[in-house]
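Counting from 1, one number per residue, gives the positions in the sequence shown under the UniProt record's numbering. For each residue, glycine too, the CB sits at the ideal point set by N, CA and C. Because the structure is a prediction, the values reported are computed rather than measured.
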Amino acid sequence: MSHTIRRTGDPARQEEFAGRMVRVLNDSCLGYLCSLGHRTRLFDVMARLPPSTSEEIAGAAGLHERYVREWLGGVTVGGIVVYDPADRTYRLPPEHAASLCRDAGPDNLASFLQDLALIGLVEDEVVTAFRDGGGVPYSSYPRFQELQAEETARVYDAALVDAIIPLVPGLPERLASDAGLDVLDVGTGQGHAVNLLARAFPAGRFTGVDMSRSGIAAARDEAERLGLPNARFEVADAAGVTGGYDLVTAFDVIHDLARPAETLAAVAGALRDDGVFLMGDIAASSRLEENLGLPLGPALYTFSVFYCMTVSLGEGGAGLGTVWGRQTALRMLAEAGFGEVAVREVEGDILNVYYVARKGS
Ligand SMILES: C[S@@+](CC[C@H](N)C(=O)[O-])C[C@H]1O[C@@H](n2cnc3c(N)ncnc32)[C@H](O)[C@@H]1O
Numbered sequence: 001m002s003h004t005i006r007r008t009g010d011p012a013r014q015e016e017f018a019g020r021m022v023r024v025l026n027d028s029c030l031g032y033l034c035s036l037g038h039r040t041r042l043f044d045v046m047a048r049l050p051p052s053t054s055e056e057i058a059g060a061a062g063l064h065e066r067y068v069r070e071w072l073g074g075v076t077v078g079g080i081v082v083y084d085p086a087d088r089t090y091r092l093p094p095e096h097a098a099s100l101c102r103d104a105g106p107d108n109l110a111s112f113l114q115d116l117a118l119i120g121l122v123e124d125e126v127v128t129a130f131r132d133g134g135g136v137p138y139s140s141y142p143r144f145q146e147l148q149a150e151e152t153a154r155v156y157d158a159a160l161v162d163a164i165i166p167l168v169p170g171l172p173e174r175l176a177s178d179a180g181l182d183v184l185d186v187g188t189g190q191g192h193a194v195n196l197l198a199r200a201f202p203a204g205r206f207t208g209v210d211m212s213r214s215g216i217a218a219a220r221d222e223a224e225r226l227g228l229p230n231a232r233f234e235v236a237d238a239a240g241v242t243g244g245y246d247l248v249t250a251f252d253v254i255h256d257l258a259r260p261a262e263t264l265a266a267v268a269g270a271l272r273d274d275g276v277f278l279m280g281d282i283a284a285s286s287r288l289e290e291n292l293g294l295p296l297g298p299a300l301y302t303f304s305v306f307y308c309m310t311v312s313l314g315e316g317g318a319g320l321g322t323v324w325g326r327q328t329a330l331r332m333l334a335e336a337g338f339g340e341v342a343v344r345e346v347e348g349d350i351l352n353v354y355y356v357a358r359k360g361s
């Protein structure tokens, strides 16, 4: 059979694609080595060291040299680290460190690569779901809350107060006013966004809800650590929120939900008439053909198959998926009662767009 395919295909294109698949294999493996480099802090350590031997690097990182040497071999042949055979030293060029180290903040892509191991844990369950339907429960992703918080905290630290909140005209001033605002964050995870806002705007009253007990426990711990009496957190289903809020936020949440339409309607109901819903979600189109050039396109669909779509389907939910896209988001916001929606972007953020939604007329 494979001989038939070889004879009928264009040999040059076949050769080219085979080369591409070799690169896929190698780059996928490098992803795991980058995840290890992040978790062991080897990238951070190497960024501060001059060209060093594996013994010196292992010593500085407090790790076993044999493992470090094998890892160095992989990241050297993978073009991440530069090796000098004359003195058996390795160095991490600063241009590479800029995408690999904790200091890089939101530009640290090694941190993102920790997700590979997380999704690998559920591959068997995902294969079963392809065959039998259904999905995968949240409980199958043990490090999810921790990794999600690590990834998004870097973005919030860099941009929440200074770039994301100002996407809503007049919002920084209203938040900073003596009266403050009533603010709700749905699907808050470990609550870092809420705690940052509570610290920046002490007159406001901030609430975060999430159905993850471990997420809410971590959020409460951080609020206590930072001494924030104006931040509170509850374990709750976002589809059941009520109240009278001036601002509701949802960051990277709605497409994961089992009941996104009900949640958007509940958010609309929980907002005061002049309130604003600020929804951060993935920058993509609802039309596949318009996503071909997305810089993180394959990563987004992969996260969807292994997590976002699949946890929703695991609860018998809508399974919107990570790449539900702008058109579907706008339609669902309109159906939930948001008559005015502006779509805004933060400069330098290739992953997200922000929907500024009001009930309007
Ligand atoms: C991708 S995470 C985003 C977390 C956080 N907003 C952030 O930016 O890091 C989605 C969150 O939605 C939460 N979630 C999922 N379904 C929910 C529901 N029905 N009600 C409340 N939270 C929910 C998950 O527990 C998870 O913390």
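- Each residue's CA atom was taken as its position, placing residue 225 and residue 192 some 12 Å apart.
- Boundaries around residue 206 are those of the beta strand (DSSP E), 205-210, since no alpha helix (DSSP H) includes it.
- For residue 48, same chain residues with a beta-carbon under 7 Å away, outside a window of 5 residues either side, do not exist.
- Under the DSSP assignment, residue 82 falls outside any alpha helix (DSSP H), being part of the beta strand (DSSP E) whose first and last residues are 82-84.
- The nearest non-hydrogen atom of ligand 1 is less than 6 Å from the C-beta of residue 152.
- Residue 128 sits in a helix when the DSSP states are folded into three classes.
- Under the three-state reduction of DSSP output, residue 48 falls in the helix class.
- Restricting attention to alpha helix (DSSP H) runs no shorter than 4 residues, the segment 72-112 encloses them at 94-97, 109-112, ordered along the chain.
- For residue 126 and residue 88, the gap between their C-alpha atoms comes out near 44 Å.
- Given a length threshold of 3 residues, each whole run of the beta strand (DSSP E) inside the segment 236-283 is given here in chain order: 245-251, 271-282.
- DSSP places residue 41 in no alpha helix (DSSP H); its state is neither H nor E.
- Less than 7 Å separates the beta-carbon of residue 243 from that of residue 270.
- Going by DSSP, residue 307 is part of no alpha helix (DSSP H) at all; its letter is neither H nor E.
- The beta carbon of residue 69 sits closer than 7 Å to those of 54, all from its chain and outside the five residues before and after it, given in chain order.
- By the C-beta density criterion, residue 46 is buried, having at least 16 other C-beta atoms within 10 angstroms.
- Sixteen is the threshold: when 16 or more other Cβ atoms of the shown chains lie within 10 Å of the Cβ of residue 303, as they do, the residue is buried.
- Excluding its 5 nearest sequence neighbours in each direction, residue 100 has C-beta neighbours in its own chain below 8 Å: 34, 37, 38, 43, 47, 80, 92, 108, 109, 110, listed in chain order.
- Judged by DSSP in its simplified three-state form, residue 352 adopts strand.
- Excluding the 5 residues flanking it on each side, residue 182 has same chain C-beta neighbours closer than 6 Å at 205, 245, 246, in chain order.
- Distances taken from the Cβ of residue 251 to the heavy atoms of ligand 1 include one shorter than 6 Å.
- Counting along the chain, residue 342 sits inside the beta strand (DSSP E) bounded by residues 340-344.
- Going by DSSP, residue 155 is part of no beta strand (DSSP E) but of the alpha helix (DSSP H) stretching over 144-159.
- Distances from the CB of residue 238 to the heavy atoms of ligand 1 include at least one below 6 Å.
- Residue environment: residue 52 is assigned as buried (16 or more neighbouring CB atoms within 10 Å of its CB, all protein chains considered).
- The closest heavy atom of ligand 1 lies 6 Å or more from the beta carbon of residue 114.
- Taken from the Cβ of residue 319, every heavy atom of ligand 1 lies 6 Å or farther away.
- Assignment of beta-bridge partners to residue 288 by DSSP yields no partner.
- Here DSSP, grouped into helix, strand and coil, assigns residue 115 to helix.
- The shortest CA-to-CA distance from residue 96 to any of 86, 82, 106 is the one to 82.
- Here the C-alpha atom of residue 341 lies approximately 34 Å from the C-alpha atom of residue 141.
- Segment contact: the segment 114-134 against the segment 305-322, three or more CB-CB distances shorter than 8 Å; contact assigned.
- Between the segment 248-258 and the segment 273-280 there are three or more C-beta pairs closer than 8 Å, enough to call the two in contact.
- In this structure, the alpha-carbon of residue 61 lies about 35 Å from that of residue 352.
- Contact between residue 187 and residue 255 does not hold, since the beta-carbon distance rounds to 10 Å and is not under 8 Å.
- For residue 234, the beta-bridge partners assigned by DSSP are 209.
- Residue range 182-186 is occupied by the beta strand (DSSP E) that includes residue 186, with no alpha helix (DSSP H) assigned at that position.
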